[in-house]
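**Student:** Have a look at this one before I ask anything.
Right under this line is the structure:
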């Protein structure tokens, strides 16, 4: 317990920060809940991207910088395909494309680099990132595209009795959250109950042992990259319908990195919880802490949410390198 | 036939330890210096200076800095442009508030400030290793981007957030023509290259490499990880900070808040992957490659008569960079510098390879 006090301290500071705006009366309860919900919605998207990331790291030990690029690529593909066919067909074709992509990445990149140092594999994913960014925009175009999910975008007033003025909620956000939760459930079932899922977990635990009992490593990698690709596609579609499909999506998706650091690199649960913490944390920081900072230091504007996630992850690295839900064992120096 | 060390005997310690032990190398290097200082300034046009040579010299310096950290010490950083920004803004404020300082002093101080900031963000490297560090340095990148864009003091309360600098003055010599800039940068680069070469073959460099190759073993033979890692971060950030100050003052002149963004960080990383990790020479190759490729891509389709939009060119650039990185990692992880070394080895045996 003694060793854990910095973690508790950090969590306590976060909690106090969470409650403070409400406790000091700096914001109306209704507005506060709106911000909180907005943060949770963003958090769900971070969780989705981070989940794909954690899956790949778990099964192949690759720190996949390209996850953001995969989100962008998938979103671009669906957005452009949907112009020519119904949305469900576009999504299906998109899934096929992501699986093909996983196959190519395994064949061309991973298989040639097997057994190399982790740092080389990481840099290879940097290369993949750049290639995908360029390739995606060459094939699909580089304007801003829209994905229409066919859900009404007007905000709905709810809980008018509870709060003064009620709370504005976007119907689309609710659907997105439900989809994300469903996806997590399906993935959990897949990992826990199917033979392939068991094999994937075996590969994650010990590559050599898994191979020696006859699990084909290469095929497992294709599967896990495909799953990550499909998760990226879902994240991309939801994101695309909210903000439009454009290049900046791949930058925002980079926030999956601090999310997985916070939650623990190897843990899918960690990815989800981390995503929610960071989504809520940065929204709260932006809305409530930002103006205070701007006033105190005479800044030229807010924008804390650009780095809040990273600095939070940095602090966590210092006090708890394995993350909230990660495995205890970590290469320490 | 011509490139071999037969008959060159080393009879003193000094001759055994010199940087270029083979006569032919020394002649080649002397020739290169003569060309760089004497011939190039006479022949090159202003366009060549401004779009090729000056960026190349500064980026080579930054690439050496990053290579010291990533290539020699094995600590990944994808936020090194942030330390360039620290150097640039430190130099800007030093010149602004203490105008009587010589630019050389400003350069060194800017480097030192960048080194201090670099060490701060290097602290997590003591507890974690490898890839976790990527996130810590990415944090440095976004935090610094924000800091310099939002805190008005750094930009001297400029409305647009961009800063203006006056031409550099050195002992009464105003460096404002492309030609003068080139000579000044070349001198700085050579000085820092010599220092880097000697650092990496001295005990500090050996400590870094031991840390990179196997940290536990390094600790066992008496290398203190704290010193090795933090010194790598400090020296690397110093180099990059100086490069940043030069980039701002000599190359750009005035710059926007996001001049030192993530793209620049990634480009620096590409330079050392393509040029060769753990090689000073490789930093030069990589920098040259990254500077030349976009220009080539812009010119080549026109020369071949293939019409190409600028958007297409930039996408193509992305794709080629990405493909090349993967290609080099798979085929030649030590980059262009390794190819150069192979060429030299072949040359020693030429024309009788058996």
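Protein chains in written order, with this note's numbering: chain A, 1 to 333; chain B, 334 to 687.
Virtual Cβ for every residue (Gly too), placed ideally from N, Cα, C.
Kindly say whether residue 428 (chain B), judged by its beta-carbon, lies nearer than 7 Å to any beta-carbon of chain A.
**Tutor:** With 7 Å as the cut-off, residue 428 (chain B) does not count as an interface residue toward chain A.
**Student:** Does the distance from the CB of residue 368 (chain A) to the CB of residue 65 (chain A) come in under 7 Å?
**Tutor:** No information on residue 368 (chain A) is available, as it lies outside the stretch 1 to 333 that chain A covers here.
**Student:** Ends of the alpha helix (DSSP H) at residue 441 (chain B)?
**Tutor:** Here the alpha helix (DSSP H) through residue 441 (chain B) covers 436–455.
**Student:** Which residues mark the beginning and the end of the beta strand (DSSP E) in which residue 503 (chain B) is found?
**Tutor:** Taken as a continuous stretch (DSSP letters only), the beta strand (DSSP E) holding residue 503 (chain B) covers 501–503.
**Student:** Less than 7 Å between CB atoms is the rule here; does residue 239 (chain A) satisfy it with respect to chain B?
**Tutor:** So, not an interface residue.
**Student:** So which residues of chain B does residue 314 (chain A) contact, with C-beta pairs closer than 7 Å?
**Tutor:** Chain B residues near residue 314 (chain A): 457, 469, 472.
**Student:** What's the gap between the Cα of residue 393 (chain B) and the Cα of residue 584 (chain B)?
**Tutor:** Rounded to the nearest angstrom, the two C-alpha atoms are 13 Å apart.
**Student:** Any contact of the stretch 258–273 of chain A with the stretch 108–115 of chain A, i.e. 3+ C-beta pairs under 8 Å?
**Tutor:** The stretch 258–273 of chain A vs the stretch 108–115 of chain A: no contact.
**Student:** Just the Cα atoms here: how many angstroms apart are residue 645 (chain B) and residue 460 (chain B)?
**Tutor:** For residue 645 (chain B) and residue 460 (chain B), the distance between alpha carbons rounds to 44 Å.
**Student:** How about residue 98 (chain A) and residue 223 (chain A): are their beta carbons less than 7 Å apart?
**Tutor:** Cβ distance not < 7 Å, so residue 98 (chain A) and residue 223 (chain A) don't count as in contact.
**Student:** How should residue 502 (chain B) be labelled, buried or exposed, when 16 other C-beta atoms within 10 angstroms of its C-beta is the threshold for buried?
**Tutor:** Exposed: under 16 other Cβ atoms inside 10 Å.
**Student:** For residue 676 (chain B), count neighbouring Cβ atoms within 10 angstroms of its own Cβ and tell me buried if that reaches 16, exposed if not.
**Tutor:** Exposed, since its Cβ has fewer than 16 Cβ neighbours within 10 Å.
**Student:** Are there 16 or more other CB atoms within 10 angstroms of the CB of residue 342 (chain B), so buried, or fewer, so exposed?
**Tutor:** Classification for residue 342 (chain B): exposed.
**Student:** Please classify residue 299 (chain A): does DSSP put it in a helix, a strand, or coil?
**Tutor:** It is a strand residue.
**Student:** Is residue 484 (chain B) close to chain A? Criterion is C-beta to C-beta, closer than 7 Å.
**Tutor:** Residue 484 (chain B) counts as touching chain A.
**Student:** Using alpha carbons as the reference points, say which of A:208, A:10, A:183 lies closest to residue 232 (chain A).
**Tutor:** Nearest C-alpha to residue 232 (chain A): A:183.
**Student:** At least one CB of chain B closer than 7 Å to the CB of residue 261 (chain A): is that the case?
**Tutor:** Yes, contact with chain B.
**Student:** From residue 200 (chain A) to residue 353 (chain B), what does the alpha carbon distance come to, in whole angstroms?
**Tutor:** Straight-line Cα distance between these residues: approximately 53 Å.
**Student:** Looking at C-alpha atoms only, which residue of A:86, A:180, A:88, A:80 is the closest neighbour of residue 139 (chain A)?
**Tutor:** That would be A:80, whose Cα lies nearest to the Cα of residue 139 (chain A).
**Student:** Give a yes or no on whether the minimum CB-CB distance between residue 284 (chain A) and chain B is below 7 Å.
**Tutor:** So, not an interface residue.
**Student:** Measure the CB-CB distance between residue 590 (chain B) and residue 481 (chain B) and report whether it falls below 7 Å.
**Tutor:** Contact: yes.
**Student:** Whose C-alpha, out of A:323, A:325, A:319, is nearest the C-alpha of residue 9 (chain A)?
**Tutor:** Nearest of A:323, A:325, A:319 to residue 9 (chain A), Cα basis: A:319.
**Student:** Quick one: does residue 306 (chain A) have its CB under 7 Å from some CB of chain B?
**Tutor:** It does; some Cβ of chain B falls within 7 Å.
**Student:** Can you tell me the Cα-Cα spacing of residue 361 (chain B) and residue 335 (chain B), whole angstroms?
**Tutor:** C-alpha separation (whole angstroms): 12 Å.
**Student:** Sort out for me which residues DSSP pairs residue 588 (chain B) with in a bridge.
**Tutor:** Per DSSP, B:496.
**Student:** Quick check: the Cα distance between residue 137 (chain A) and residue 73 (chain A), rounded to an integer number of angstroms?
**Tutor:** Approximately 8 Å between the Cα atoms of the pair.
**Student:** Relative to the C-alpha of residue 419 (chain B), which candidate in B:614, B:611, B:578 has its C-alpha closest?
**Tutor:** Here the closest residue by C-alpha is B:578.
**Student:** Going by CA-CA distance only, name the one from B:517, B:613, B:632 that's closest to residue 582 (chain B).
**Tutor:** Measuring from the Cα of residue 582 (chain B), the nearest candidate turns out to be B:517.
**Student:** With distances taken Cα to Cα, identify the nearest neighbour of residue 175 (chain A) among A:265, A:191, A:239, A:84.
**Tutor:** That would be A:239, whose Cα lies nearest to the Cα of residue 175 (chain A).
**Student:** Is there a Cβ of chain A sitting closer than 7 Å to that of residue 475 (chain B), yes or no?
**Tutor:** True, the Cβ-Cβ gap to chain A drops below 7 Å.
**Student:** Should the stretch 254–269 of chain A be called in touch with the stretch 309–319 of chain A, which here means at least 3 C-beta pairs below 8 Å?
**Tutor:** Verdict: yes, contact present.
**Student:** What's the call for residue 350 (chain B), buried or exposed, on a 16-neighbour Cβ count within 10 Å?
**Tutor:** Its Cβ having fewer than 16 others within 10 Å, residue 350 (chain B) is exposed.
**Student:** Can you find a CB in chain A that lies within less than 7 Å of the CB of residue 479 (chain B)?
**Tutor:** Yes, residue 479 (chain B) lies at the interface with chain A (some Cβ there is under 7 Å from its Cβ).
**Student:** For the alpha helix (DSSP H) holding residue 129 (chain A), just list the boundary residues, first then last.
**Tutor:** Taken as a continuous stretch (DSSP letters only), the alpha helix (DSSP H) holding residue 129 (chain A) covers 118–140.
**Student:** Have a look at B:556, B:422, B:604, B:438 and flag the residue whose alpha-carbon is nearest the alpha-carbon of residue 495 (chain B).
**Tutor:** Out of B:556, B:422, B:604, B:438, B:422 has the C-alpha closest to the C-alpha of residue 495 (chain B).
**Student:** Tell me, please, whether the CB atom of residue 110 (chain A) is closer than 7 Å to any CB atom in chain B?
**Tutor:** So, not an interface residue.
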